[in-house]
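One structure is given here, and the rest of the page talks about it.
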Amino acid sequence: MAVMERDQPVELADLPGRHALVLYGSETGNSQDIAEELGKMTQRLHFKTQVDELNAVQLNELLRYTLVIIVISTTGQGDMPQNSLAFWKSLLRRKLPPGCLQSARFTTFGLGDSSYPKFNWAARKLHKRLEQLGATEFYPRGEGNEQDDDGIDQTYLPWSIDLRTKILEYHPLPPGLSPIPDTALLPPKYIIKISPVDTPRHSQDTAAEGTPNLQSLDFVTGSSAAATSLEAGAEQPSQQALQHLISAVPGGLVVEVNSNTRVTPTEHWQDVRRLSFDIRHLQPPSLQINPGDCLRLYPRNLSQDVDKLLDVMQWGAIADNVVDLGTLSERPTGLYTANMTTLRRLLTENLDITAIPRRSFLEAISHHCTDSDHKERLLEFTKSEYIDEYYDYATRPRRTIIEVLEEFHSVQFPPEYVLDVFPVIRGRDFSIASIEPSEPGSDSSYKLELLVALVKYQTVLRKIRTGLCSRYINLLAAGNAVLASHKPSLTSLHGKLHARRPLCAFATGTGIAPIHALIQERLRYDDTDTPTGRTLLFFGNRSRGKDFFFADEWAAMPSSKLEVHTAFSRDQKEKIYIQDVIRQQAQAVADMARENVIFIVCGGSSKMATACRAAVVECLRVGGLCETETEAEEMLGRLTWWQEIW
Numbered sequence: 001m002a003v004m005e006r007d008q009p010v011e012l013a014d015l016p017g018r019h020a021l022v023l024y025g026s027e028t029g030n031s032q033d034i035a036e037e038l039g040k041m042t043q044r045l046h047f048k049t050q051v052d053e054l055n056a057v058q059l060n061e062l063l064r065y066t067l068v069i070i071v072i073s074t075t076g077q078g079d080m081p082q083n084s085l086a087f088w089k090s091l092l093r094r095k096l097p098p099g100c101l102q103s104a105r106f107t108t109f110g111l112g113d114s115s116y117p118k119f120n121w122a123a124r125k126l127h128k129r130l131e132q133l134g135a136t137e138f139y140p141r142g143e144g145n146e147q148d149d150d151g152i153d154q155t156y157l158p159w160s161i162d163l164r165t166k167i168l169e170y171h172p173l174p175p176g177l178s179p180i181p182d183t184a185l186l187p188p189k190y191i192i193k194i195s196p197v198d199t200p201r202h203s204q205d206t207a208a209e210g211t212p213n214l215q216s217l218d219f220v221t222g223s224s225a226a227a228t229s230l231e232a233g234a235e236q237p238s239q240q241a242l243q244h245l246i247s248a249v250p251g252g253l254v255v256e257v258n259s260n261t262r263v264t265p266t267e268h269w270q271d272v273r274r275l276s277f278d279i280r281h282l283q284p285p286s287l288q289i290n291p292g293d294c295l296r297l298y299p300r301n302l303s304q305d306v307d308k309l310l311d312v313m314q315w316g317a318i319a320d321n322v323v324d325l326g327t328l329s330e331r332p333t334g335l336y337t338a339n340m341t342t343l344r345r346l347l348t349e350n351l352d353i354t355a356i357p358r359r360s361f362l363e364a365i366s367h368h369c370t371d372s373d374h375k376e377r378l379l380e381f382t383k384s385e386y387i388d389e390y391y392d393y394a395t396r397p398r399r400t401i402i403e404v405l406e407e408f409h410s411v412q413f414p415p416e417y418v419l420d421v422f423p424v425i426r427g428r429d430f431s432i433a434s435i436e437p438s439e440p441g442s443d444s445s446y447k448l449e450l451l452v453a454l455v456k457y458q459t460v461l462r463k464i465r466t467g468l469c470s471r472y473i474n475l476l477a478a479g480n481a482v483l484a485s486h487k488p489s490l491t492s493l494h495g496k497l498h499a500r501r502p503l504c505a506f507a508t509g510t511g512i513a514p515i516h517a518l519i520q521e522r523l524r525y526d527d528t529d530t531p532t533g534r535t536l537l538f539f540g541n542r543s544r545g546k547d548f549f550f551a552d553e554w555a556a557m558p559s560s561k562l563e564v565h566t567a568f569s570r571d572q573k574e575k576i577y578i579q580d581v582i583r584q585q586a587q588a589v590a591d592m593a594r595e596n597v598i599f600i601v602c603g604g605s606s607k608m609a610t611a612c613r614a615a616v617v618e619c620l621r622v623g624g625l626c627e628t629e630t631e632a633e634e635m636l637g638r639l640t641w642w643q644e645i646w
C-alpha cells in the first residue's frame, strides 16, 4: 500500500468572460445529479459556475452567462417537473419579444423513458421555446433513455465528453493554463461549522459564553415526553417538532399514522402495506387533495447505520456536538433541517448514507484517500471507459455508501465536508389510494391512505437489501408523526365533469392505488341528475388469494358502475396477463372509445404499459372502429391516455 496525503483544494483561475449557468428540472433528483456533475466539469475548465434549479432563476439571468446548460426530466404525460414550472411559465409570457434571449447560448440534456408516449417532451419543448426567443444552441441537445441497457448513462456519458471538447473549442484557455484534472480536488461548496461542545454536556452557562444554546434544538426533536420510539435508540419527532420544518418543505405537511397494516399474507414474497394517515396541520389551510396526487414521505436512516458510519469515519466523539448551519451562504437543495442541529441528526434525518453511490460520490471521496491504490481504483469507476466495472461494483449489487467507505478504509475526510460529499435524502412519492375529507368539527382535515410495496430483495452478492423508505415505513406505528409533502398531479382527470365520462383503467400490483382513489371519487359524484360514466377496470397480479388489492371494496360497488376483470398470472398452469384479458373484452373497450373514454394505466413495469397500449390498439380494430393498426394508433392518439409507471 502506497501511503499518500489527502488532496488539498485547488484554486480556480479568475478569468473574465467565463461564467457558466447549469440549471436542472428534476422530480426524483436524477437531473440534479447530472447538473452537479456538469457544474464540476465547467469548474474544471475554469468557469465561474452556478448550479441551481430552473425555478430559482429569472429569465434575464440567462443573458449574464457565457453559456447555459439545462438538464431536465420529463414527468407524467410529457410534463415539466415541479421545480421548473415557474421558469417554463415565464418563457410562455405573450409579452416576451421574439429576440429577447438573442445573446444567450445554451444546450439541453433531457432525461426520459421511451415507454411513455411523450418521450423527452420537457426537454424538447424547453429547447424549442428558447430558440423561438432567440437563444442560440451551441451544442446539440442530448436525450437519455431509461430503457437503454445502461440507462441514462448510455447517452449522457458520450454526450458530456463531447460537450467538454466543444466548450474548450469555443472557449480556449489562455496559454499556460490547463483544465483542472479529475485527480484534483475542487474547492468545497458547503463547509459546516461544528461546535467543540457536545449535546449532553451543553448548558445555559456555556451558551452565555457564546456557544450555541442547545435548547434551540427542542423544535427539531421535540421533548422526550412528546417523542415516541421508532426504533431502539432513536427518537421519532413529535408533531410539534416537525411543525417547525413545514415552511422549509415545499407543500409541507405533518401527517399522523392511524394504522400500518400488511395486506399480503406473511408467507407471500412481497410485503405490501396499507397505511392510513390523518393530516392535522395543513400549509396552506386551503389545500385540496385530489385523485392522482402523491404524498411524499421523508424517511430517516436507522440508528445502527448511523453508528456504523460514525465508527468507520471515526466521528463518534463529535457526533453530538452542535452544528450551526446558519453560517452557510446556501444549502444543498432538499436539505430540510433547522439551523441548529448535530452531525448525528444530519446523518440520521438528512443525508442518504445507504444510497447506491453515484460516480460523483466516488470521485469526491477519492480525493480523501491516504492509499494511492484506493484513489486510483475509485477514479477508474468514474471514467466512461470503465462504465461496466462501475455497474458491476455499485449498481448491480446495489452496494451502499457505507459499504464503499468500509471497503476503501483509507478514505478519511473532515466531518465539516459532509454536505459536500454525501447526497441528501430525497422524499419518496406514493400515489394516494384513498382520500376522505374528515367530518366537520374533527381536528383532522383529511384521512389519506397509501398502498406501498416494501422494497426487499437479494443481490448478486447474496445480501438482503431493503430500501431506505421501506425500512422506515416498516417501523411506523400508530401515533407516529411523519414529515411529508403534497405533490399535486399535473394531469387533471378528476372532478365532476370528468366523472361523467367512461373510464377504462389498467393496473398491476400497487399501481391500483391512484385508480382506487379516482373510482372512489367518481362514485361520490354519482346521482340521478348527473350520473357518472361506467368504469371498466382491468387488474393484474400474481394470486387472487394473496394480492388482489381492494377486492372486498370492488365487490361492494354497484355492478352498473364498475366492472372488474382480473388476470392472476400464477393461479393456473398457463400464465394469464392483463393484456390477454383486455383482448378478451375487445368489444367493450371499443364501445367505450366511442364515448370519449379516459384510458389510464398504472403500475411498475414499462413493458406492461406498452403491452396494454398494444392490446387497446387491437381492441379498436377488432371492435370495428378502425380497419388497420395504423388507423387504430392514430385514433388512440386522439383519445385521453394517461399513464403512471415507476
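Sequential numbering from 1 applies to the sequence shown in the UniProt record's numbering.
Cβ coordinates follow ideal geometry from the N, Cα and C atoms, glycine included.
### Query
According to the neighbour-count rule (16 or more other Cβ atoms, all chains shown, within 10 Å of its Cβ), is ARG44 buried or exposed?
When all chains shown are included, ARG44 counts as buried.
### Query
HIS19 and ARG64 look like a contact to me (Cβ under 8 Å); what is the Cβ gap, rounded to whole Å?
7 Å between Cβ atoms; contact.
### Message
Using only CA atoms, which one of LEU295, THR183, MET41, TYR116 lies nearest to PRO514?
### Response
Nearest option by C-alpha distance: LEU295.
### Query
Ordered along the chain, which non-local residues of its own chain (more than five positions away) have a Cβ less than 7 Å from that of TYR472?
Hits under 7 Å: PRO299, ARG300.
### Task
For my contact list, TYR457 and LYS496 are in at a C-beta cut-off of 8 Å; report their separation, rounded to the angstrom.
Rounded to the nearest angstrom, the Cβ distance from TYR457 to LYS496 is 43 Å, too far for a contact under 8 Å.
### Query
So what does DSSP say about THR528, is it helix, strand or coil?
For THR528, the three-state secondary structure derived from DSSP is coil.
### C-beta neighbour in chain D for GLU631, strict 8 Å
In the structure shown, chain D cannot be found, because there is only a single protein chain.
### Task
Compare the C-alpha of ALA248 against each of PRO265, ASP33, LEU335 and name the closest.
Comparing Cα-Cα distances from ALA248 to each of PRO265, ASP33, LEU335, the minimum goes to LEU335.
### Pairwise C-alpha distance: ALA567 and GLU231
Reliability fails at GLU231, whose pLDDT of 46 lies under 50, so the model's placement of it is uncertain and no value is given.
### Query
Counting along the chain, where does the alpha helix (DSSP H) carrying PRO158 start and finish?
Per DSSP, the unbroken alpha helix (DSSP H) holding PRO158 starts and ends at 153-170.
### Other residues of its chain near GLY623: CB distance less than 6 Å, five sequence neighbours each side excluded
Excluding its 5 nearest sequence neighbours in each direction, GLY623 has C-beta neighbours in its own chain below 6 Å: ALA586, GLN587, ALA590, listed in chain order.
### Task
Please report how far the alpha carbon of ARG522 lies from the alpha carbon of LEU503, in whole angstroms.
Straight-line Cα distance between these residues: approximately 10 Å.
### Task
Take the Cβ of LEU214 as the centre, count every other Cβ of all protein chains shown within 10 Å, and call the residue buried at 16 or more, exposed below.
Confidence in LEU214 is poor, its pLDDT being 42 and thus under 50, which makes the residue's placement unreliable; the coordinate value appears in the next sentence. When all chains shown are included, LEU214 counts as buried.
#### Entry: Any 3 or more C-beta pairs closer than 8 Å across the stretch 238-246 and the stretch 473-484
Three or more beta-carbon pairs separated by less than 8 Å link the stretch 238-246 to the stretch 473-484, which places the two stretches in contact.
#### Entry: CB contact flag (ARG129, LEU91, <8 Å)
Less than 8 Å separates the beta-carbon of ARG129 from that of LEU91.
### Query
In chain order, which continuous runs of the alpha helix (DSSP H) of length 4 or greater are located wholly inside the UniProt domain "Flavodoxin-like" (20-164)?
Unbroken alpha helix (DSSP H) runs of no fewer than 4 residues, entirely contained in the UniProt domain "Flavodoxin-like" (20-164), are found at 30-44, 85-91, 121-132, following chain order.
### Query
Is DSSP giving MET557 helix, strand or coil here?
Assigned with DSSP and collapsed to three states, MET557 falls in coil, not helix or strand.
### Query
Nearest-angstrom Cα distance between VAL617 and GLN643?
Straight-line Cα distance between these residues: approximately 15 Å.
### Task
Spell out the partners DSSP gives ASP182 in its beta bridges.
The partner list for ASP182 (beta bridge, DSSP) is empty, contrary to what the question assumes.
### Unbroken beta strand (DSSP E) run spanning ILE432, endpoints
Per DSSP, ILE432 belongs to the beta strand (DSSP E) from 428-437.
### Task
Inspect the CB distances between the stretch 159-166 and the stretch 395-410 and report whether three or more fall short of 8 Å.
They do not touch, by the three-pair rule.
### Task
Quick one: grab the DSSP three-state call for ASP352.
Reduced to three states, the DSSP call for ASP352 is coil.
### Query
At what residues does the alpha helix (DSSP H) containing GLN304 begin and finish?
Residues 303-312.
### Query
In this structure, what does DSSP give as the bridge partners for TYR446?
TYR446 is bridged to ILE279, PRO437.
### Task
Tell me, to the nearest whole angstrom, how far the beta carbon of residue 659 is from that of PRO117; I am working on the premise that it is less than 8 Å.
The structure shown has nothing for residue 659, since the chain only spans 1 to 646.
### Task
Look at the alpha carbon of MET41 and the alpha carbon of ARG500, and state the distance between them as a whole number of angstroms.
Cα to Cα, MET41 sits roughly 53 Å from ARG500.
### Query
Any contact of the stretch 370-383 with the stretch 338-356, i.e. 3+ C-beta pairs under 8 Å?
Look at the beta carbons and you see the stretch 370-383 not touching the stretch 338-356: under three pairs across the two are nearer than 8 Å.
### Message
For THR354, which residues in the same chain have their Cβ closer than 7 Å to its Cβ, ignoring the five residues on either side in sequence?
### Response
Counting only Cβ-Cβ distances below 7 Å, and skipping sequence neighbours, we find ASN301, ASP305, THR400, ILE401, ILE402, LEU468.
### Query
What is the DSSP secondary structure of ILE191, reduced to helix, strand or coil?
Reduced to three states, the DSSP call for ILE191 is coil.
### Message
Looking at THR264: is its Cβ nearer than 8 Å to the Cβ of LYS575?
### Response
8 Å or more divides the Cβ of THR264 from the Cβ of LYS575.
### Residue burial classification, ARG273 (beta-carbon count within 10 angstroms, cutoff 16)
Buried, since its Cβ has 16 or more Cβ neighbours within 10 Å.
#### Entry: Close-in-space but distant-in-sequence residues of the same chain around TRP646 (CB under 6 Å, 5 per side omitted)
Taking C-beta separations shorter than 6 Å and ignoring five residues to either side along the sequence, the partners of TRP646 in its chain run GLY604, following chain order.
### Query
Given that a residue counts as buried once 16 or more other Cβ atoms are within 10 Å of its Cβ, and exposed if not, what is ASN596?
ASN596 is classed as exposed because its beta carbon has fewer than 16 other beta carbons within 10 Å across all chains shown.
### Message
Checking the sheet assignment: what are the DSSP bridge partners for SER533?
### Response
Per the sequence shown, the amino acid found at residue 533 is Gly instead of Ser. In the DSSP output, where bridge partners are listed per residue, GLY533 has none listed.
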